[in-house]
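2 protein chains.
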Amino acid sequence: MADAHRSGCPINLTLEVLGDRWSLIVIRDIMFGNRRHFRELLNRSEEGIASNILAARLKRLMAAGLLTRGDDPSHQQKAIYNLTEPAIQLVPLLVQMGAWGRRHRPVSEELSIRAQLLEEGGPSLWDAFMAELRALHLGAPAPKRSVLHDLQAAYEKVAAHRKTAR
Amino acid sequence: MADAHRSGCPINLTLEVLGDRWSLIVIRDIMFGNRRHFRELLNRSEEGIASNILAARLKRLMAAGLLTRGDDPSHQQKAIYNLTEPAIQLVPLLVQMGAWGRRHRPVSEELSIRAQLLEEGGPSLWDAFMAELRALHLGAPAPKRSVLHDLQAAYEKVAAHRKTAR
DNA sequence: AGCATCCGATTGCATTATGCAACCGGTTGA
DNA sequence: TCAACCGGTTGCATAATGCAATCGGATGCT
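Keeping their order, the protein sequence lines are chains B and V. Just so you know, the first sequence maps onto residues 327 to 492 in my numbering. Just so you know, the second sequence maps onto residues 327 to 492 in my numbering.
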């Protein structure tokens with residue numbers, strides 16, 4: 327009863343989980359940038375999230391069933407954040423967000439390449455990408471071809487540039 | 327220079343406009359519920375937005391180019407809020423949000439009928455709906471068949487019930 | 001062993017956003 | 001004349017966000 331949902335409308339309920347300025351940024355970085363550790367999410371994101379906000383978001387997203395937290399065998403203190411199946415199913419939503427932003431907002435060309443690829447690839451590309459995410463985050467059998475690598479290329483280039491520029 | 331965008335990423339820029347708990351609720355009500363006046367948006371929405379928040383959101387959405395404000399000829403004081411073309415192009419995004427919420431959140435059956443119709447109708451239905459919105463909000467020539475009426479039916483039923491129940 | 005670096009956070013504090021209720025001057029229609 | 005409605009605004013409390021410094025523990029290098 328601590329629910330207190332504003333309404334049962336699907337759009338509203340989605341907004342109650344994801345309707346803030348950081349949740350989808352975190353999911354985007356895990357999903358498209360393959361940021362799996364706290365420090366990666368903290369230091370290697372374009373927008374510069376604060377550490378307390380990041381911690382709060384990770385906690386909330388885990389409570390909402392969108393992320394799980396696992397141990398990194400290589401380091402006792404290191405945590406690995408994984409996407410859950412519901413989070414992986416946000417791919418079409420994020421693609422639409424990217425497509426809309428690309429058309430109607432002053433995007434930078436570098437960072438919109440990924441959105442363009444996903445938009446032009448259509449649902450079949452999204453499915454391939456989601457299959458890769460399941461392999462990476464849920465331990466599902468790995469698909470043959472990697473579309474993820476292509477998607478991450480531009481992203482990595484920009485992140486690296488930003489890091490040196492600091 | 328008062329821009330100060332966090333980054334040029336399309337997803338981020340979309341989030342900077344729509345990433346809060348109310349903006350998309352307002353657009354949803356105008357779009358699917360055909361709420362065109364301030365008082366309609368205030369009193370006839372499921373979630374019960376506060377009047378100052380509504381005023382602030384309408385102002386921001388107009389500044390972002392998603393809404394325009396027109397005069398209602400029938401009443402000197404009455405304002406009519408219209409969707410712009412960019413706002414109408416949010417249809418696929420809202421459909422994806424509804425589809426995701428329907429699958430992964432505790433939606434009420436009544437309110438998810440609309441989401442289901444739009445999801446099952448696919449892109450061709452979205453296009454038909456968007457054409458109707460253009461007629462309604464931009465003064466474009468009206469299409470023949472109205473899919474909007476069907477979409478609003480369930481919504482109106484619930485809103486009417488809620489009004490009497492207060 | 002010693003020490004710098006990295007690990008996922010937490011704390012304190014300032015600013016901003018949101019939420020709630022009451023209220024405003026003007027318009028409309030009976 | 002008057003109640004109801006019009007699009008908001010105001011004041012105030014609470015919650016979210018932003019920023020910088022810091023924490024205790026783990027790791028790796030020398």
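Every residue gets a Cβ at the ideal spot worked out from N, C-alpha and C, and that includes glycine.
Selection V:P336, V:G334, V:G396, V:Q422 evaluated against V:L350 yields V:Q422 as nearest (Cα-Cα). Against chain V, the CB of B:R361 has no partner CB under 8 Å away; the residue lies outside that interface. Assignment of V:D398 by DSSP, reduced to helix, strand and coil, places it in the coil class.
A contact is defined here as three or more CB-CB pairs under 8 Å, and the segment 328-342 of chain B meets this definition with respect to the segment 341-357 of chain V. Counting of Cβ neighbours within 10 angstroms places B:H401 among the exposed residues, the total staying below 16. The segment 415-433 of chain B and the segment 381-390 of chain B do not touch, with fewer than 3 CB-CB distances between them shorter than 8 Å.
Neighbours of B:L416 in chain V, taken as residues whose beta carbon is under 8 Å from its own, are W426 in chain order. One Cα belongs to B:Y407, the other to B:M388, and the distance between them is close to 9 Å.
Against chain B, a Cβ distance below 8 Å from V:R386 picks out nothing, because the smallest value is about 14 Å. Excluding residues up to 5 positions away in sequence, A468 lie with their Cβ nearer than 6 Å to the Cβ of V:A461 in the same chain.
Put simply, the backbone Cα of B:Q403 is about 16 Å away from that of B:L367.
In the DSSP assignment, V:A381 falls within the unbroken alpha helix (DSSP H) covering 377-389.
Contact check for B:E373 against V:R347 fails: the beta carbons are separated by 8 Å or more. If you check the CB distance, V:T410 and V:L437 do not come in under 8 Å. When the alpha-carbon of V:T394 is set against those of V:H475, V:H463, V:S472, the nearest one is in V:H463. By the rule that beta-carbons nearer than 8 Å mark a contact, B:E366 does not touch chain V. For B:M423, the C-beta contacts it makes with chain V under 8 Å involve P336, I337, T340, L341, L419, in order along the chain. With 16 or more other CB atoms across the displayed protein chains lying within 10 angstroms of its CB, B:E342 is buried. The beta carbon of V:S434 sits closer than 8 Å to some beta carbon of chain B.
With distances taken between CA atoms, V:G334 lies nearest to B:P432 out of B:P432, B:R370, B:N369, B:G424. In this structure, the beta-carbon distance from V:G345 to B:G345 falls below 8 Å. V:R428 and V:E446 have their C-alpha atoms some 12 Å from each other. If you draw a 10 Å sphere on the C-beta of B:D397, you find fewer than 16 other C-beta atoms in it, and that means exposed.
Each residue's CA atom was taken as its position, placing B:A405 and B:S371 some 18 Å apart.
Flagged as an interface residue toward chain V: B:H430, by a C-beta distance shorter than 8 Å. Of the candidates B:A466, B:G465, B:S472, B:E435, the residue whose Cα lies closest to the Cα of B:W452 is B:S472. Per DSSP, reduced to three states, the secondary structure at V:A441 is helical. For B:H363, same chain residues with a beta-carbon under 8 Å away, outside a window of 5 residues either side, are D398, K404, A405, I406, Y407 in chain order. For V:L420, the enclosing alpha helix (DSSP H) covers residues 417-430. For V:A405, the beta-bridge partners assigned by DSSP are V:D397.
Residues of chain B with a Cβ closer than 9 Å to the Cβ of V:A441 are, in chain order, C335, P336, I337. Per the C-alpha coordinates, the member of B:E435, B:A413, B:Q442, B:L459 positioned closest to V:W426 is B:A413. Around the beta carbon of B:E435, fewer than 16 other beta carbons sit within 10 angstroms, so the residue counts as exposed.
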